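J.: Residue 1 is where the sequence shown starts when you use full-length UniProt numbering, and the numbers rise one by one after that. Even for Gly, the Cβ is constructed at its ideal location relative to N, Cα and C. Since the structure is predicted, the reported quantities are computational estimates derived from the model, not experimental observations.
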Amino acid sequence: MQQRDKFAALLVIAIWGINFYFMKLGIEEIDPLLLGCLRFLLVVFPFIFWLKRPQVSWKLLLLYGLISNFAQFAFMFSAIATGLPTGLIALIVQSQAFFTVLIAVFCLGEKARPNEWLAILVAIIGFICIGIGQQHSYVPMLGLFLVLGSALSWALGNIVVKKIGRTDPFALVVWGNLFTPVWFLLFAYYQNDMEYIRQNIYQLSWQVWLSAGFLAYFATIIGYGLWVKLLAKYPASQVTPLSLGVPVISLLFGIVLLQERLNFYQWLGVVIVASALVIHLFGRNLFCKKS
């Protein structure tokens, strides 16, 4: 990997790791769904006036925005609102890799490798430990299920992206999210009322704008764009393992800046799930060597 690409990869990992801190920052001031609405408004405008619509059907564009972005972040922001530690969320959402395998096997007829099945089994043990830890925590179990919903949405979004095929990643992010702010706004209205929405909008602080701006411009536009470029230039096996750095950075930021603490069972679950991700990413080579 060239020096500038190594720097780009480190930049993406740093942005995505810090990303969870800015999510927490915004959700402390505004409803999670309205933060999602503001985030994707900033993603779409003004870039939609500069980028041509990708050669993708409107059906796939709508599916991409609805599943990959609205569903994923509606679940994730709601999980953060329950008080679930951001570092824990950053790790659990990586289980999208396991959900992607299961969807590919049971819905698309693809075959999973032995290390992928082993990784799923190990991850289940880790999630059970985290679930036990939640029983000894002030945070409700609902937060854990919301993160798993976010991971499942991400995995389903991976299938949609695979169906879309190669296209301009920046145009896909912008045009694919044309209606995403609308979905967030409608669900915020469904859960509350228009007066509640007005109060949130009138009370927008610099903290909310900073959060939404970072999530839109850095985490979405820059982060996703650079990541797709790296995947296009280098083998996925060389790029995807770098994502393991995201929960590490998020855990550090959560402990230092947000004073988040995990109990014994949660830490044990973190280690086991992280091990499952390592097996998923590197286990194929180990199995090949043994055979």
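Check whether the stretch 126-135 touches the stretch 266-277, counting contact only when three or more Cβ pairs, one atom from each stretch, lie closer than 8 Å.
T.: The stretch 126-135 vs the stretch 266-277: in contact.
J.: Just to confirm, is the Cβ distance from GLY157 to GLN55 under 8 Å?
T.: As a working note, residue 157 is residue 157 in the sequence shown. As a working note, residue 55 is residue 55 in the sequence shown. No.
J.: Can at least three beta-carbon pairs, one atom from the stretch 93-103 and one from the stretch 252-263, be found at a separation below 8 Å?
T.: As far as the Cβ criterion goes, the stretch 93-103 does not touch the stretch 252-263, which means the pair count is below three.
J.: Could you check which residue in PHE20, PHE187, LEU102 and GLY36 has the C-alpha nearest to that of PRO114?
T.: In the sequence shown, counting from the first residue as 1, residue 114 sits at position 114. Nearest option by C-alpha distance: LEU102.
J.: Which residue spans inside the stretch 210-287 form an unbroken alpha helix (DSSP H) run of at least 4?
T.: Listed in chain order, they are 223-233, 236-239 and 245-257.
J.: Kindly examine the ligand GDP and report whether one of its heavy atoms sits closer than 7 Å to the Cβ of GLN191.
T.: With respect to the ligand GDP, the structure shown offers nothing to examine, as it has no ligands at all.
J.: So within the stretch 60-128, which uninterrupted alpha helix (DSSP H) runs reach at least 4 residues, ignoring any that extend past its ends?
T.: The stretch 60-128 contains these whole alpha helix (DSSP H) runs: 72-81, 86-92 and 96-106.
J.: Counting Cβ pairs, one atom from each stretch, are 3 or more of them under 8 Å apart for the stretch 18-33 and the stretch 161-180?
T.: Taking 8 Å as the limit for Cβ pairs, the verdict is that the stretch 161-180 does not touch the stretch 18-33.
J.: Could you tell me which of ASP168, ILE159 and VAL208 sits nearest to LYS52, measuring between CA atoms?
T.: Indexing the sequence shown from 1 puts residue 52 at position 52. Closest by alpha carbon: ASP168.
J.: Between the stretch 195-203 and the stretch 59-77, do at least 3 Cβ pairs fall closer than 8 Å?
T.: Verdict: no, contact absent.
J.: To the nearest angstrom, report how far apart LEU121 and TRP206 are at their CA atoms.
T.: In the sequence shown, the residue the question calls residue 121 occupies position 121. In the sequence shown, the residue the question calls residue 206 occupies position 206. Taking the straight line from one Cα to the other gives about 44 Å.
J.: Which word fits LYS24, buried or exposed, when buried means at least 16 other C-beta atoms lie within 10 angstroms of its C-beta?
T.: Within the sequence shown, the letter at position 24 stands for residue 24. It counts as buried.
J.: I need the DSSP call for THR167, collapsed to helix, strand or coil.
T.: Counted from its first residue, the sequence shown places residue 167 at position 167. THR167: coil per DSSP, three-state reduction.
J.: Find out if the Cβ-Cβ distance for the pair ALA90, PHE20 is shorter than 8 Å.
T.: Taking the first residue of the sequence shown as 1, we reach residue 90 at position 90. Taking the first residue of the sequence shown as 1, we reach residue 20 at position 20. Yes, Cβ-Cβ distance for ALA90 and PHE20 is below 8 Å.
J.: Taking 8 Å as the cut-off, decide whether the C-beta atoms of LEU66 and TRP183 are in contact.
T.: For the purposes of this step, residue 66 is identified with residue 66 of the sequence shown, where counting begins at 1. For the purposes of this step, residue 183 is identified with residue 183 of the sequence shown, where counting begins at 1. Going by C-beta atoms, LEU66 is nearer than 8 Å to TRP183.
J.: Do you know offhand how far residue 297's Cα is from SER243's?
T.: Not covered by the structure: residue 297. The range shown for the chain is 1 to 291.
J.: Quick one: measure Cβ to Cβ for VAL239 and LEU226, integer angstroms, because I've assumed they're closer than 8 Å.
T.: Here residue 239 refers to the residue found at position 239 of the sequence shown. Here residue 226 refers to the residue found at position 226 of the sequence shown. Going by Cβ atoms, the distance from VAL239 to LEU226 rounds to 11 Å, so no, they are not a contact pair.
J.: Kindly give me the distance between the Cβ atoms of SER211 and PHE77, rounded to whole angstroms, as I take these residues to be in contact under 8 Å.
T.: Here residue 211 refers to the residue found at position 211 when the sequence shown is read from its first residue. Here residue 77 refers to the residue found at position 77 when the sequence shown is read from its first residue. With a Cβ gap of about 11 Å, SER211 and PHE77 do not count as contacting.
J.: Here's the rule I'm using: 16 or more other beta-carbon atoms within 10 Å means buried, otherwise exposed. How should SER57 be labelled?
T.: The residue given as residue 57 occupies position 57 in the sequence shown. SER57 comes out exposed.
J.: What first and last residue would you give for the alpha helix (DSSP H) that runs through ASN200?
T.: For the purposes of this step, residue 200 is taken as the residue at position 200 of the sequence shown. It spans 194-202 - the alpha helix (DSSP H) in which ASN200 sits, taken as one unbroken run.
J.: Among residues of its own chain, excluding the 5 on either side of residue 311, which ones have a beta-carbon nearer than 6 Å to its beta-carbon?
T.: What the structure shows of the chain is the stretch from 1 to 291, and residue 311 is not part of that stretch, so it cannot be assessed.
J.: If distances are taken between C-alpha atoms only, which option among GLY223, LYS59 and ALA274 comes closest to VAL12?
T.: Locating residue 12 in the sequence shown gives position 12, counting from the first residue. Closest by alpha carbon: GLY223.
J.: Quick one: grab the DSSP three-state call for TYR21.
T.: Mapped onto the sequence shown, residue 21 falls at position 21. Reduced to three states, the DSSP call for TYR21 is helix.
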